[in-house]
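Step one of this worksheet: look at the structure below.
Residue numbers (my numbering), protein chains in the order written: chain A, 1 to 296; chain B, 1001 to 1296.
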């Protein structure tokens, strides 16, 4: 079960209702944090998430609104007695800037903080998740992330029983892929199926781009920025952002299952206009609000 | 009229109810900001203060919880079309650290941001206010600030009328200090009195110290940190902070008129214990809460 919490959903400037961008993905007791805008540590408190569960932070780009929160968060984690190392992934070339921030209060931080440069490709892979970076199209070097749950082999109870599989044999067939039972060969594939892991895609900040579309293919959830509506497409182009309509087209072309509009400009007090624009193109759209929680 | 708004009143870590330290003093349409913890820009929105009125920022010391907010604030002011230069005063020797933060998103900032080193003494003086820095006793170089409204000459209506002062003569006597009216010499002092300007003192983070006591002499308002209660005096000593009782003793010895306890540790959900401890020593004490507004 993957729990996605939208901690901050604002565009470049916060509002009373929207904090600066940050999304927490909790999976098997660990939180993978995507962006960390100013105030993120307080959003953890507000929405009852345990910040000590953060295992690593993935930054999309080095603009202040997406990263400033790391300095205070790192400090607070230390005051809260963290001892585990913390990895922060940032676009290659921006490490110095991010390190300055990450080590701002080094004298009070009692655990290791490691800033790691990323390129296109796999950033992290463990037994639970694979996290892959892909290039976006913004005013500075920016990466989106694909968060893919590991596929799981699920046994088909009836078929396993009919083949005589029981007890430790389940573990054995997982390892050997085939077993000999009562002189019959039982391949793993005959008694199981592959459950595809959930796929979440985080794409901000960006113009609509082929790379986002390709990487969002068949995503269970696409979180795509929609700073403006089509009425402000000129702004969107100039500032290298997307409109709600453009985000929806990406979701549609990628055959995503669900779209969340994110990184909303402070000018939209009422987001109905963004929602309606997107839903004309891609029905299963929502606008993110701070505190929105999605379980996959 | 001086309006003091407590934007953030937390100690080292924020809580649901307390943002990180920042105090805005608004005087004649300008905001003088003291410290700028993470999230300060959002606190401006929350409490309906206009951040475009900020004329300068005074930092006490370069710990993250007091300064991180400048990066986002500077950025947002630029997005909001600021053109006036912004001065940030920081303890001498910390300029590089503060400049890194202040210029984090330089490419999107369209006005001048100047980081100025301060020493003990006058930091800023204009027709309205004098702002003076004095040393505190913390784990790093830290300054408190005395904010002193300019004294004002007030005419005594009846005496001015009896001396024959009218119309432009008021301006004239203010300039010349003495006028000759109907062959009589009228000194300014005979028809006016000096109204002493209000004095506010901002002292955080610090152990109780003679310098704070001396600089807070006869203050109309003393804002003094009180991170802990006396029960945790060992913590206070180790971490170079004050207890509520110690802050109250400073207020008492300084003959201050009013004390506000500030920089409250996250452990005190209920601040009654801090208040009671302080009031035993100095009656006119309050505990700051985010959004507290005081008009002098």
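Glycine is no exception: its CB is placed at the ideal position from the N, C-alpha and C atoms.
Compute the distance between the beta-carbons of residue i and residue j, then report whether it is under 8 Å.
| i | j | result |
| --- | --- | --- |
| residue 236 of chain A | residue 227 of chain A | yes |
| residue 112 of chain A | residue 129 of chain A | no |
| residue 1194 of chain B | residue 1178 of chain B | no |
| residue 17 of chain A | residue 290 of chain A | yes |
| residue 298 of chain A | residue 245 of chain A | Only positions 1 to 296 of chain A appear in this structure, which leaves residue 298 of chain A out of reach. |
| residue 115 of chain A | residue 98 of chain A | yes |
| residue 1005 of chain B | residue 13 of chain A | no |
| residue 48 of chain A | residue 19 of chain A | no |
| residue 1021 of chain B | residue 1066 of chain B | yes |
| residue 221 of chain A | residue 124 of chain A | no |
| residue 68 of chain A | residue 88 of chain A | no |
| residue 1144 of chain B | residue 1203 of chain B | yes |
| residue 1053 of chain B | residue 1082 of chain B | no |
| residue 64 of chain A | residue 1104 of chain B | yes |
| residue 15 of chain A | residue 262 of chain A | no |
| residue 1243 of chain B | residue 1229 of chain B | yes |
| residue 1165 of chain B | residue 1201 of chain B | no |
| residue 1192 of chain B | residue 1134 of chain B | no |
| residue 181 of chain A | residue 161 of chain A | no |
| residue 1258 of chain B | residue 1218 of chain B | no |
| residue 1247 of chain B | residue 1213 of chain B | no |
| residue 1007 of chain B | residue 1044 of chain B | yes |
| residue 1011 of chain B | residue 1281 of chain B | no |
| residue 1121 of chain B | residue 1151 of chain B | no |
Under 8 Å, Cβ to Cβ, is there at least one residue of chain B near residue i?
| i | result |
| --- | --- |
| residue 71 of chain A | yes |
| residue 68 of chain A | yes |
| residue 45 of chain A | yes |
| residue 76 of chain A | yes |
Using a beta-carbon distance below 8 Å, is residue i in contact with chain A?
| i | result |
| --- | --- |
| residue 1240 of chain B | no |
| residue 1063 of chain B | yes |
| residue 1104 of chain B | yes |
| residue 1279 of chain B | no |
| residue 1038 of chain B | yes |
| residue 1042 of chain B | yes |
| residue 1079 of chain B | yes |
Specify, as a first and last residue, the run of the alpha helix (DSSP H) that residue i falls within.
| i | result |
| --- | --- |
| residue 78 of chain A | 69–79 |
| residue 2 of chain A | Note, residue 2 of chain A: premise wrong, no alpha helix (DSSP H); beta strand (DSSP E) at 2–8. |
| residue 1189 of chain B | 1188–1191 |
| residue 1174 of chain B | 1169–1176 |
| residue 210 of chain A | 210–215 |
| residue 183 of chain A | Run containing residue 183 of chain A: none; DSSP gives neither H nor E here. |
| residue 1310 of chain B | With chain B covering only 1001 through 1296, there is no way to say anything about residue 1310 of chain B. |
| residue 135 of chain A | Segment 129–135 is the beta strand (DSSP E) holding residue 135 of chain A; no alpha helix (DSSP H) there. |
| residue 250 of chain A | 244–253 |
At a Cβ threshold of 8 Å, is residue i touching chain D?
| i | result |
| --- | --- |
| residue 1271 of chain B | The chain labelled as chain D is not found among the protein chains of the depicted structure, namely A and B. |
The beta strand (DSSP E) with residue i in it runs from where to where?
| i | result |
| --- | --- |
| residue 99 of chain A | Per DSSP, residue 99 of chain A belongs to no beta strand (DSSP E); it is in the alpha helix (DSSP H), 95–102. |
| residue 152 of chain A | 152–155 |
| residue 1141 of chain B | Per DSSP, residue 1141 of chain B belongs to no beta strand (DSSP E) and is neither H nor E. |
| residue 1052 of chain B | Element bounds for residue 1052 of chain B: n/a, residue is neither H nor E. |
| residue 1125 of chain B | 1121–1125 |
| residue 92 of chain A | Segment: none, residue 92 of chain A is in no beta strand (DSSP E) and carries neither H nor E. |
| residue 1038 of chain B | Here residue 1038 of chain B belongs to no beta strand (DSSP E), and DSSP marks it neither H nor E. |
| residue 1294 of chain B | 1293–1295 |
Tell me, which residues are paired with residue i by DSSP?
| i | result |
| --- | --- |
| residue 285 of chain A | A/259 |
| residue 273 of chain A | None; residue 273 of chain A has no bridge partner. |
| residue 1224 of chain B | B/1203, B/1261 |
| residue 1086 of chain B | B/1113 |
| residue 229 of chain A | Note: residue 229 of chain A sits in no beta bridge, so no partner. |
| residue 33 of chain A | A/24, A/57 |
| residue 147 of chain A | A/131, A/200 |
| residue 1158 of chain B | In the DSSP output, where bridge partners are listed per residue, residue 1158 of chain B has none listed. |
| residue 118 of chain A | A/91 |
Problem set entry | Chain-ordered residues of the stretch 1003–1018 of chain B with a beta carbon less than 7 Å from chain A | 1012, 1013, 1014, 1015, 1016
For this session: Taking only beta carbons into account, state which residues of the stretch 1147–1175 of chain B come closer than 9 Å to chain A, listed in chain order.
Result: none
Problem set entry | Residues of the stretch 90–124 of chain A with Cβ closer than 7 Å to any Cβ of chain B, in chain order | 100, 104, 105
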